[in-house]
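Number of protein chains: 2
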Amino acid sequence: MELESKRIDRRTNRTRRQLREAFLALILEKGYDAVTVEDITGRADLGRTTFYLHYRDKNDLLLESLEALVADLTGVIARTPIADWRTSPDPQHPGPLQLPLRLAFQHAAEHADLYRIILRGEGRTETIERIRQIVIEQINHVLAVRVAEEQVPVHPTVPPEVFANFFAGAFQGVLTWWLENDLPYPPTEIAALFQKILYDGASRVLGLPESKTGPG
Amino acid sequence: MELESKRIDRRTNRTRRQLREAFLALILEKGYDAVTVEDITGRADLGRTTFYLHYRDKNDLLLESLEALVADLTGVIARTPIADWRTSPDPQHPGPLQLPLRLAFQHAAEHADLYRIILRGEGRTETIERIRQIVIEQINHVLAVRVAEEQVPVHPTVPPEVFANFFAGAFQGVLTWWLENDLPYPPTEIAALFQKILYDGASRVLGLPESKTGPG
DNA sequence: CAATATAATAAACATTGTGTCTACTTATAG
DNA sequence: CTATAAGTAGACACAATGTTTATTATATTG
Numbered sequence: 005m006e007l008e009s010k011r012i013d014r015r016t017n018r019t020r021r022q023l024r025e026a027f028l029a030l031i032l033e034k035g036y037d038a039v040t041v042e043d044i045t046g047r048a049d050l051g052r053t054t055f056y057l058h059y060r061d062k063n064d065l066l067l068e069s070l071e072a073l074v075a076d077l078t079g080v081i082a083r084t085p086i087a088d089w090r091t092s093p094d095p096q097h098p099g100p101l102q103l104p105l106r107l108a109f110q111h112a113a114e115h116a117d118l119y120r121i122i123l124r125g126e127g128r129t130e131t132i133e134r135i136r137q138i139v140i141e142q143i144n145h146v147l148a149v150r151v152a153e154e155q156v157p158v159h160p161t162v163p164p165e166v167f168a169n170f171f172a173g174a175f176q177g178v179l180t181w182w183l184e185n186d187l188p189y190p191p192t193e194i195a196a197l198f199q200k201i202l203y204d205g206a207s208r209v210l211g212l213p214e215s216k217t218g219p220g
Numbered sequence: 005m006e007l008e009s010k011r012i013d014r015r016t017n018r019t020r021r022q023l024r025e026a027f028l029a030l031i032l033e034k035g036y037d038a039v040t041v042e043d044i045t046g047r048a049d050l051g052r053t054t055f056y057l058h059y060r061d062k063n064d065l066l067l068e069s070l071e072a073l074v075a076d077l078t079g080v081i082a083r084t085p086i087a088d089w090r091t092s093p094d095p096q097h098p099g100p101l102q103l104p105l106r107l108a109f110q111h112a113a114e115h116a117d118l119y120r121i122i123l124r125g126e127g128r129t130e131t132i133e134r135i136r137q138i139v140i141e142q143i144n145h146v147l148a149v150r151v152a153e154e155q156v157p158v159h160p161t162v163p164p165e166v167f168a169n170f171f172a173g174a175f176q177g178v179l180t181w182w183l184e185n186d187l188p189y190p191p192t193e194i195a196a197l198f199q200k201i202l203y204d205g206a207s208r209v210l211g212l213p214e215s216k217t218g219p220g
């Protein structure tokens with residue numbers, strides 16, 4: 005999760021890492037608002053002044069972790085070979101979002117604490133909004149590719165924006181529940197469940213009478 | 005939206021209303037965190053001390069509006085005649101959540117500003133979490149009724165909790181988008197779109213290859 | 001309408017946290 | 001080794017919170 009890669013002075017790296025770790029731990033203990041700069045530097049065994057040598061304020065510090073997390077996730081997704089996007093192993097739900105979804109749940113499991121903090125909406129409002137936008141962009145991207153490949157109707161039955169926000173919200177909802185309940189399913193399984201609802205729809209999932217609208 | 009009904013002293017009602025209105029207006033202008041108690045009482049033309057005669061702090065004041073909003077919505081839903089739950093007029097999507105969904109979008113349209121504030125996550129974290137829990141309870145309630153009527157498989161293909169959180173998240177996502185974009189569709193229409201995605205699923209909505217899982 | 005109770009107010013105060021600055025010490029890179 | 005950069009303690013001004021006190025104003029009620 006590249007966060008201090010090639011900064012010159014050894015002290016700088018150490019200090020920043022200590023501040024980051026102290027802050028995240030404290031947020032989980034008392035919640036963002038209750039944590040003071042003095043708390044952070046105290047926990048990190050540093051002088052309060054030092055904090056301001058590195059960050060403008062609490063939010064700036066949290067934002068750094070967020071940015072690194074986002075960069076890491078999009079990196080992982082981008083680095084995954086295109087080939088895998090078609091041949092990935094859940095033949096029941098062959099949608100184009102399958103692999104990214106799996107990677108995202110996986111990633112959240114690996115960085116559960118930070119994801120929890122973000123999804124709880126700790127810190128300023130921007131934080132969670134940032135994530136949402138990224139998810140929406142990913143969806144729009146995938147949809148655009150699909151349209152180009154003519155696998156999706158040019159005039160979909162639902163406006164893409166509505167679909168994208170539906171998706172982003174549902175994802176956030178399931179991910180939040182999953183994290184707050186200490187990952188009751190393995191990442192691949194929760195991803196599969198998510199896809200099942202998303203692709204099949206409530207009619208099938210709940211066994212309700214089928215809708216009268218045909219596909220497309 | 006019952007908020008000052010039978011409080012004895014006329015002054016109390018006036019003061020509380022002024023504080024509430026001033027606060028909500030200011031949040032929309034500068035965001036929750038940036039608003040001080042002095043801002044509020046200034047805007048409301050009251051002494052700063054007066055604020056503390058009525059509320060413990062900013063969050064307390066916001067919470068009052070939230071509680072009233074929630075009570076109002078659940079009241080509206082509860083008051084709607086059961087008969088309407090079956091005969092409501094969207095025959096393409098006859099799901100049991102149809103009418104409550106419509107009522108919710110309607111309600112959000114009528115109180116758009118307050119909904120915006122809440123959905124943006126202004127105020128403390130509790131606020132938005134409160135709403136989510138209410139939505140989840142509603143869903144669980146409806147699902148329980150359905151199960152009792154044996155219209156839903158006893159062992160649904162997806163754990164109810166997962167479905168409920170999927171739903172709650174998707175709803176929040178679409179509702180937020182709708183409000184932040186100044187209600188680009190009428191409430192009935194956005195409710196119908198939401199249901200379409202939810203019931204038919206992405207496969208149909210986007211015209212993807214059908215899943216191999218049958219209903220139920 | 002008058003008497004009583006209650007609300008609003010201004011002013012002062014202690015407290016907590018922020019963010020900046022200074023002069024001094026310590027660690028590191030080269 | 002030494003110049004450079006990072007960390008530190010302490011002091012400071014500032015802004016906002018939440019409480020208290022004494023005083024004024026306004027409803028309610030009988």
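Protein chains in written order, with the working numbering: chain A, 5 to 220; chain B, 5 to 220.
Note that beta-carbon positions come from the ideal geometry of N, C-alpha and C, so glycine has one too.
Note that the structure is predicted; figures quoted are calculated from it, not measured.
Is DSSP giving Glu33 of chain A helix, strand or coil here? Translated into the one-based positions of the first sequence, residue 33 of chain A becomes position 29. It is helical.
Does the segment 17 to 27 of chain B come close enough to the segment 45 to 53 of chain B that 3 or more CB-CB pairs lie under 8 Å? yes
Between the C-alpha atoms of Leu105 of chain B and Ala195 of chain B, what's the straight-line distance to the nearest angstrom? As a first step, residue 105 of chain B must be located in the second sequence, where it is residue number 101. As a first step, residue 195 of chain B must be located in the second sequence, where it is residue number 191. Approximately 6 Å between the Cα atoms of the pair.
Is the Cβ-Cβ distance between Leu183 of chain A and Ala112 of chain A less than 8 Å? Your numbering for residue 183 of chain A matches position 179 in the first sequence. Your numbering for residue 112 of chain A matches position 108 in the first sequence. Result yes, Cβ atoms of Leu183 of chain A and Ala112 of chain A sit closer than 8 Å.
Local conformation of Gly127 of chain B per DSSP, three classes: Position 123 of the second sequence, counted from the start, is the residue given in the question as residue 127 of chain B. If DSSP states are grouped into helix, strand and coil, Gly127 of chain B belongs with coil.
Could you tell me the alpha carbon to alpha carbon distance between Ala174 of chain A and Leu70 of chain A, rounded to whole angstroms? As a first step, residue 174 of chain A is located in the first sequence; it is residue number 170 there, counting from the start. As a first step, residue 70 of chain A is located in the first sequence; it is residue number 66 there, counting from the start. Near 21 Å, if we compare the C-alpha coordinates of Leu70 of chain A and Ala174 of chain A.
Just to confirm before moving on: does the CB-CB distance between Ile31 of chain B and Glu126 of chain B stay below 8 Å? For the purposes of this step, residue 31 of chain B is taken as the residue at position 27 of the second sequence. For the purposes of this step, residue 126 of chain B is taken as the residue at position 122 of the second sequence. Against a cut-off of 8 Å, the Cβ pair of Glu126 of chain B and Ile31 of chain B comes out as a contact.
What residues from the segment 174 to 205 of chain B come within 9 Å of chain A, judged by C-beta to C-beta, listed N to C? Ala174, Phe175, Gln176, Gly177, Val178, Leu179, Thr180, Trp181, Trp182, Asn185, Pro188, Tyr189, Ile194, Leu197, Phe198, Gln199, Lys200, Ile201, Leu202, Tyr203, Asp204, Gly205
Reducing DSSP to helix, strand and coil, say where Thr40 of chain A ends up. For the purposes of this step, residue 40 of chain A is taken as the residue at position 36 of the first sequence. Note: Thr40 of chain A maps to coil in three-state DSSP.
Within a Cβ cutoff of 6 Å, which residues of the same chain sit near Phe198 of chain A, ignoring the five residues on either side of it in sequence? As a working note, residue 198 of chain A is residue 194 in the first sequence. Correct list, in chain order: Val178.
Out of B:Ile143, B:Tyr56, B:Val151, state which residue places its alpha-carbon closest to the alpha-carbon of Val166 of chain B. Position 162 of the second sequence holds residue 166 of chain B. Residue B:Ile143 is the option with its Cα nearest to Val166 of chain B.
Would you identify the three-state DSSP class for Leu187 of chain A, choosing helix, strand or coil? By one-based count along the first sequence, residue 187 of chain A stands at place 183. It is coil, neither helix nor strand.
Check the C-beta distance from Leu28 of chain B over to Leu107 of chain B and give it rounded, since I have them as a contact under 8 Å. On the second sequence, residue 28 of chain B is found 24 positions in, with the first residue counted as 1. On the second sequence, residue 107 of chain B is found 103 positions in, with the first residue counted as 1. The pair is not a contact, with the Cβ atoms about 23 Å apart (cut-off 8 Å).
With a threshold of 8 Å between beta-carbons, can Leu210 of chain B be considered close to chain A, or not? Against the second sequence, residue 210 of chain B aligns to sequence position 206. Yes - at least one Cβ of chain A is within 8 Å of the one on Leu210 of chain B.
Closer than 8 Å, CB to CB, is Phe109 of chain B near chain A or not? Within the second sequence, numbered from 1, the residue matching residue 109 of chain B stands at position 105. Taking Cβ atoms only, chain A never reaches closer than 8 Å to Phe109 of chain B, which makes this a no.
Using a cut-off of 7 Å between C-beta atoms, extract the partners of Thr162 of chain B located in chain A. Here the question's residue 162 of chain B lines up with position 158 in the second sequence. Sequence inspection shows Val at residue 162 of chain B; the Thr mentioned does not correspond to that position. Going along chain A in sequence order, the residues near Val162 of chain B (Cβ under 7 Å) are Leu197, Lys200, Ile201, Val209.
Chain B contact for Gly221 of chain A (CB, 8 Å cutoff): With chain A running from 5 to 220 in the structure shown, residue 221 of chain A is simply not present.
Measuring only the C-alpha atoms, how far is Val162 of chain B from Val146 of chain B? Counting from 1 along the second sequence, the entry for residue 162 of chain B is found at position 158. Counting from 1 along the second sequence, the entry for residue 146 of chain B is found at position 142. Approximately 16 Å, taken between the alpha carbons.
Please report how far the alpha carbon of Asp61 of chain B lies from the alpha carbon of Ile201 of chain B, in whole angstroms. Here residue 61 of chain B corresponds to residue number 57 of the second sequence, with the count starting at 1. Here residue 201 of chain B corresponds to residue number 197 of the second sequence, with the count starting at 1. If you take the alpha carbons of Asp61 of chain B and Ile201 of chain B, they lie about 41 Å apart.
Under the assumption that Arg124 of chain A contacts Asn63 of chain A (Cβ atoms under 8 Å), give the Cβ distance between them as a whole number of angstroms. Mapped onto the first sequence, residue 124 of chain A falls at position 120. Mapped onto the first sequence, residue 63 of chain A falls at position 59. Actually they are not in contact, since the Cβ atoms of Arg124 of chain A and Asn63 of chain A sit about 15 Å apart, beyond 8 Å.
In chain order, which continuous runs of the alpha helix (DSSP H) of length 4 or greater are located wholly inside the segment 146 to 185 of chain B? 164 to 184
Terminal residues of the continuous alpha helix (DSSP H) containing Gly79 of chain A? Position 75 of the first sequence, counted from the first residue, corresponds to residue 79 of chain A. Residues 62 to 83.
Do Leu103 of chain A and Thr84 of chain A count as a contact pair if the criterion is CB distance below 8 Å? On the first sequence, residue 84 of chain A is found 80 positions in, with the first residue counted as 1. On the first sequence, residue 103 of chain A is found 99 positions in, with the first residue counted as 1. A contact, by the Cβ cut-off of 8 Å.
Check distances from the C-beta atoms of the segment 16 to 27 of chain B to those of chain A and list, in chain order, the residues that come in under 8 Å. none
Can you check which of these residues, B:Arg120, B:Pro190, B:Pro164, is closest to Val209 of chain A by C-alpha distance? On the first sequence, position 205 is the one that residue 209 of chain A refers to. The residue with the shortest Cα to Cα distance from Val209 of chain A is B:Pro164.
Just verifying my parser: in three-state terms, what is the DSSP assignment at Ile143 of chain B? Here residue 143 of chain B refers to the residue found at position 139 of the second sequence. It is helical.
Under 7 Å from the C-beta of Ala172 of chain A: neighbouring residues of chain B: Reading the first sequence from its first residue, position 168 is the one you call residue 172 of chain A. Those are Gly177, listed as they occur along chain B.
Closest to Arg134 of chain A by C-alpha separation, out of A:Arg15, A:Leu67, A:Pro190, A:Val39, would be which residue? One-based indexing of the first sequence puts residue 134 of chain A at position 130. Closest option to Arg134 of chain A, Cα to Cα, is A:Leu67.
Beta-carbon contacts of Thr217 of chain B that lie in its chain and below 6 Å, excluding the five residues immediately before and after: The sequence position of residue 217 of chain B within the second sequence is 213, counting from 1. With a pLDDT of only 47 at Thr217 of chain B, under 50, the local geometry of the prediction cannot be trusted, and no value is derived from it.
On a CA-only basis, which of A:Val74, A:Ala38, A:Pro190, A:Gly211 is nearest Ile122 of chain A? Give me that one, please. Mapped onto the first sequence, residue 122 of chain A falls at position 118. Ranking A:Val74, A:Ala38, A:Pro190, A:Gly211 by Cα distance to Ile122 of chain A puts A:Val74 first.
Alpha carbon of Ile132 of chain B to alpha carbon of Ala172 of chain B, nearest angstrom: Here residue 132 of chain B refers to the residue found at position 128 of the second sequence. Here residue 172 of chain B refers to the residue found at position 168 of the second sequence. Taking the straight line joining both Cα atoms gives about 12 Å.
Run through DSSP, which three-state label would Glu6 of chain A get? Within the first sequence, residue 6 of chain A is the residue found at index 2, counting from 1. Note: Glu6 of chain A maps to coil in three-state DSSP.
Note down, in chain order, every chain A residue with its Cβ under 7 Å from the Cβ of Ile132 of chain B. Along the second sequence, read from residue 1 onward, the residue named residue 132 of chain B stands at position 128. By Cβ distance, chain A contributes Gly125.
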